[in-house]
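Student:
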Amino acid sequence: YLSTKTVYRPTVHPFASVLCHAWEETDWNLDVSAKAGVNIRSPYTEKRAIQIFGEYYHGNLPFGQFYKLRAEYYGAGINVSF
45 YLSTKTVYRP TVHPFASVLC HAWEETDWNL DVSAKAGVNI RSPYTEKRAI
95 QIFGEYYHGN LPFGQFYKLR AEYYGAGINV SF
């Protein structure tokens, strides 16, 4: 979800996302990924943006041979789009 309301300036918008899925290979255990933060867009072109966010994950590891192991983590991140 990307809000149309601005936070600080016309180019700063809050966003949030949640992804839930379950796979038969992991006995239908639910995996949950959530992110929330702000999206800062360039006032000159819509394609350029920076996202600053916090994230949470609880579920099976998505890494090949380790997919049956469970993990939980919190984190912070920055995405830059050109």
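Counting from 1 along the sequence shown, just add 44 to a position and that's the residue number in the working numbering.
The beta-carbon is built from N, C-alpha and C at its ideal position, and this holds for glycine as well.
For Glu99, which three-state DSSP category applies?
Tutor: In this structure, Glu99 counts as strand in the three-state DSSP scheme.
Student: With distance defined between alpha-carbon atoms, name the residue in Trp67, Gly108, Cys64 and Phe59 nearest to Arg85.
Tutor: Minimum Cα distance to Arg85 is reached at Phe59.
Student: So, with DSSP's three-state summary, where would you put Glu90?
Tutor: Coil.
Student: Is it buried or exposed for Phe110, if we count other Cβ within 10 angstroms and need 16 for buried?
Tutor: Per the 10 Å Cβ criterion, exposed.
Student: Which residue or residues does DSSP assign as beta-bridge partners of Asp155?
Tutor: Limits of the chain in this structure are 45 at one end and 126 at the other, which puts residue 155 out of reach.
Student: Looking at Ile94 and Gly81, is the spacing between their C-beta atoms short of 7 Å?
Tutor: No, Cβ-Cβ distance for Gly81 and Ile94 is not below 7 Å.
Student: Our contact map puts Ala66 next to Trp72 with C-beta atoms below 8 Å; I'd like the distance itself, whole angstroms only.
Tutor: With 8 Å as the limit, Ala66 and Trp72 qualify as a contact, their Cβ atoms being about 5 Å apart.
Student: Identify, in the order they occur along the chain, each residue of the same chain with its Cβ nearer than 8 Å to the Cβ of Pro87, setting aside the five sequence neighbours on each side.
Tutor: Excluding positions up to five away in sequence, the list reads Pro54 and Thr55.
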